[in-house]
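Position one of the sequence shown corresponds to residue 312 (my numbering), numbered consecutively onward.
A short worksheet on the structure shown next.
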Amino acid sequence: MSDPQDSADPGEKSIAMTREVLEQDLIRRHFEHAYPDVEMLSEAALEASIQQMLETMPAAAQETDGVYLFAYGSLIWNPCVEVAERHTCRLYGYHRDFCLKLEHGRGTPDLPGLMLALAPGGSSQGVALRVPARDLKRELLLVWRREMLTGAYRPRWVRLVSDAGPLWSIAFVVNPHGERYIGRQPDETVIELLSTGRGVLGSCREYLDNTVGDLSALGIRDKRLESLQRAVHARA
Numbered sequence: 312m313s314d315p316q317d318s319a320d321p322g323e324k325s326i327a328m329t330r331e332v333l334e335q336d337l338i339r340r341h342f343e344h345a346y347p348d349v350e351m352l353s354e355a356a357l358e359a360s361i362q363q364m365l366e367t368m369p370a371a372a373q374e375t376d377g378v379y380l381f382a383y384g385s386l387i388w389n390p391c392v393e394v395a396e397r398h399t400c401r402l403y404g405y406h407r408d409f410c411l412k413l414e415h416g417r418g419t420p421d422l423p424g425l426m427l428a429l430a431p432g433g434s435s436q437g438v439a440l441r442v443p444a445r446d447l448k449r450e451l452l453l454v455w456r457r458e459m460l461t462g463a464y465r466p467r468w469v470r471l472v473s474d475a476g477p478l479w480s481i482a483f484v485v486n487p488h489g490e491r492y493i494g495r496q497p498d499e500t501v502i503e504l505l506s507t508g509r510g511v512l513g514s515c516r517e518y519l520d521n522t523v524g525d526l527s528a529l530g531i532r533d534k535r536l537e538s539l540q541r542a543v544h545a546r547a
């Protein structure tokens, strides 16, 4: 449950991340109005990116009825697309880290926040979400409008180790050349930004709580995130 600290600027109407919001492309429209200097990928560029991913699908992934997405943060608890199947899994070669600084969405220029991304090295546990083949491009466009709008991430085909065996999946990994990428930060900086960051999509503290809570419900422990959560709540 959110509290007043989880609200956006009182003068700015909040936007819930829902399927309807993505279908109407309201995040783009909000950014165009509130942050006209934020560079965004066009709808045509998003569609071309999806097409490229489907054309470079590994042979083993072509046996899947649809496409798997690797969920490691908000896609776990709020996918906003049709999900036909879920499997707990681990991705080797990437770990989740709060390495994207936000001045929009869950942050503002006055109250910047942090967002998770998959950074190279280590491994990450999460959930493989199967998006069915029916209306696949339409479903993926909603995901791309959410994850790829500002170019903070790059889509990659990755191999997951899951409770159903190996699965090929699309993962959104950090774009190290993106302007929001700030790399690994000291815990003090991360705790500060997670404690105070909030914007039109809600607060960073809410995002952290939801991520830790859903991972825990799946039997997945992320000790760093849990430590950050304790520190953020202690600070509050």
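For each residue, glycine too, the CB sits at the ideal point set by N, CA and C.
Worksheet item: Hey, how far is the Cα of A542 from the Cα of L422?
Response: Counting from 1 along the sequence shown, the entry for residue 542 is found at position 231. Counting from 1 along the sequence shown, the entry for residue 422 is found at position 111. Computed Cα separation, rounded: 19 Å.
Discussion item. From the DSSP secondary-structure annotation, give me the bridge partner or partners of Q496.
Written reply: Along the sequence shown, one-based indexing puts residue 496 at 185. Answer is none; Q496 lacks a bridge partner.
Practice prompt. Taking all protein chains shown into account, decide if D408 is buried (16 or more other Cβ within 10 angstroms of its Cβ) or exposed.
Written response: Translated into positions along the sequence shown, residue 408 becomes position 97. It counts as buried.
Practice prompt. Would you please state the rounded distance, in angstroms, between the beta carbons of S385 and A439? I believe it to be under 8 Å.
Written response: Mapped onto the sequence shown, residue 385 falls at position 74. Mapped onto the sequence shown, residue 439 falls at position 128. So it is not a contact: roughly 16 Å between Cβ atoms.
Discussion item. Since R467 and A482 should fall inside the 8 Å C-beta cutoff, what is the C-beta to C-beta distance between them, to a whole number of angstroms?
Written reply: By one-based count along the sequence shown, residue 467 stands at place 156. By one-based count along the sequence shown, residue 482 stands at place 171. The Cβ separation is near 5 Å, so the contact holds.
Worksheet item: Whose CA, out of A545, V523 and H544, lies closest to the CA of Y383?
Response: Residue mapping note: residue 383 aligns to position 72 of the sequence shown, counting from 1. Answer by Cα proximity: V523.
Worksheet item: Given L529, which residues of its chain have a CB within under 8 Å of its CB, disregarding the five upstream and five downstream residues?
Response: For the purposes of this step, residue 529 is taken as residue 218 along the sequence shown, with counting starting at 1. Cβ within range, chain order: I387, T399 and V438.
Worksheet entry | Sub-8 Å separation of V442 and V378 beta-carbons | Locating residue 442 in the sequence shown gives position 131, where the first residue counts as 1. Locating residue 378 in the sequence shown gives position 67, where the first residue counts as 1. In this structure, V378 lies closer than 8 Å to V442 by Cβ.
Fill in: Cβ pair S480, L357 closer than 8 Å
As a working note, residue 480 is residue 169 in the sequence shown. As a working note, residue 357 is residue 46 in the sequence shown. Cβ distance not < 8 Å, so S480 and L357 don't count as in contact.
Worksheet item: Quick one, which of P390, M328, R449 and R465 has its alpha-carbon nearest P431's?
Response: Mapped onto the sequence shown, residue 431 falls at position 120. Measuring from the Cα of P431, the nearest candidate turns out to be R465.
Discussion item. To the nearest angstrom, how far is the alpha carbon of E396 from that of I361?
Written reply: Here residue 396 is taken as the residue at index 85 of the sequence shown, counted from 1. Here residue 361 is taken as the residue at index 50 of the sequence shown, counted from 1. Cα-Cα distance, rounded: 21 Å.
Worksheet item: In chain order, what residues of the same chain lie with their CB nearer than 7 Å to the CB of G494, ignoring the 5 residues before and after it?
Response: Residue 494 sits at position 183 when you count from the first residue of the sequence shown. Once the five neighbours on either side are set aside, the close Cβ partners of G494 are C410.
Worksheet item: Would you call D533 buried or exposed, if buried means 16 or more other Cβ atoms sit within 10 Å of its Cβ?
Response: Here the question's residue 533 lines up with position 222 in the sequence shown. Answer is buried; the Cβ neighbour count reaches 16.
Worksheet item: Based on the DSSP secondary-structure assignment, which residues constitute the bridge partners of D408?
Response: In the sequence shown, the residue the question calls residue 408 occupies position 97. As a beta-bridge residue in DSSP terms, D408 pairs with A428.
Practice prompt. Determine the closest residue to Y403 out of E458, L512 and S435, with distance taken between C-alpha atoms.
Written response: On the sequence shown, residue 403 is found 92 positions in, with the first residue counted as 1. Of E458, L512 and S435, the residue nearest in Cα terms is S435.
Practice prompt. Can you give me the Cβ contacts of G476 inside the same chain, cut-off strictly under 6 Å, excluding the 5 residues immediately before and after it?
Written response: Your numbering for residue 476 matches position 165 in the sequence shown. Closer than 6 Å at Cβ, skipping near neighbours: no residue.
Worksheet item: Which one of M426, A463, R456 and A428 has the shortest CA to CA distance from E354?
Response: For the purposes of this step, residue 354 is identified with residue 43 of the sequence shown, where counting begins at 1. Per the Cα distances, R456.
Item to complete: Could you check what DSSP says for C391 in three-state terms: helix, strand or coil?
Response: One-based indexing of the sequence shown puts residue 391 at position 80. In the structure shown, C391 sits in coil (DSSP, three-state: anything other than H, G, I, E or B).
Fill in: 8 Å Cβ cutoff met for T461 and E350
On the sequence shown, position 150 is the one that residue 461 refers to. On the sequence shown, position 39 is the one that residue 350 refers to. With contacts defined by Cβ atoms closer than 8 Å, T461 and E350 form a contacting pair.
Worksheet item: Which same chain residues, not among the five before or five after E450, have their C-beta less than 7 Å away from its C-beta?
Response: Here residue 450 is taken as the residue at index 139 of the sequence shown, counted from 1. Taking C-beta separations shorter than 7 Å and ignoring five residues to either side along the sequence, the partners of E450 in its chain run V392, E393 and V442, following chain order.
Worksheet entry | C-alpha gap between T500 and Y492, whole angstroms | Numbered from its first residue, the sequence shown carries residue 500 at position 189. Numbered from its first residue, the sequence shown carries residue 492 at position 181. Rounded to whole angstroms, T500 to Y492 spans 14 Å at the Cα level.
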